[in-house]
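Inspection log for the structure reproduced underneath, given as structure tokens.
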Amino acid sequence: YKVVGQAANGEEAVELTRKLRPDVVCMDVKMPRMDGIAAAGTICDENIAPVVMLTAFSQPDLVKKATGAGAMAYVTKPYEESKLLPALEVAMGRFNEI
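Be aware that the sequence shown starts at 1, since it is given in the UniProt record's numbering, and climbs by one per residue.
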């Protein structure tokens with residue numbers, strides 16, 4: 001996959017997603033200005049792209065909040081490519097079913 005944008009905060013992630021219309025968005029939970037879960041919620045509410053949370057935080061409450069916001073997958077850091085790629089594919093497949 002090709003990276004088409006990188007955001008410094010959640011608000012910028014939403015703006016870039018609206019502008020670039022990527023196939024999938026990978027986002028951290030903890031981000032400045034707007035956290036990743038809120039940004040994922042906006043992106044998912046607008047049905048722009050599937051969101052995969054890619055984060056060091058594995059607490060069950062955060063996973064629940066992220067999936068409640070619409071995230072299609074949740075991968076914890078450190079991650080291996082062998083685990084990330086299937087998560088991306090699952091997220092895109094789920095998104096295409098909507």
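Even for Gly, the Cβ is constructed at its ideal location relative to N, Cα and C.
C-beta atoms of residue i and residue j nearer than 9 Å
i      : j      : result
Phe-57 : Thr-42 : no
Arg-94 : Pro-60 : no
Contact set for residue i: own chain, Cβ-Cβ below 8 Å, skip 5 residues either direction
i      : result
Pro-32 : Ala-8, Asn-9, Gly-10
Lys-30 : Gly-36, Thr-55, Phe-57
Leu-88 : Tyr-1, Val-24, Cys-26, Val-52, Ala-73
Backbone secondary structure at residue i - three-state DSSP
i      : result
Met-53 : strand
Val-25 : strand
Ala-69 : helix
Option nearest residue i by Cα separation, candidates the options
i      : options                : result
Met-92 : Asn-47, Asp-61, Lys-65 : Asn-47
Residues near residue i in its chain [Cβ-Cβ closer than 6 Å; skip 5 each side]
i      : result
Ala-66 : Ile-37, Met-53, Tyr-74
Cβ-based neighbour list, residue i, same chain, cut-off 7 Å, excluding 5 preceding and 5 following
i      : result
Thr-17 : Val-25, Ile-43, Ile-48, Ala-49
Cβ of residue i within 9 Å of any chain B Cβ
i      : result
Lys-83 : No chain B is part of this structure, which consists of one protein chain only.
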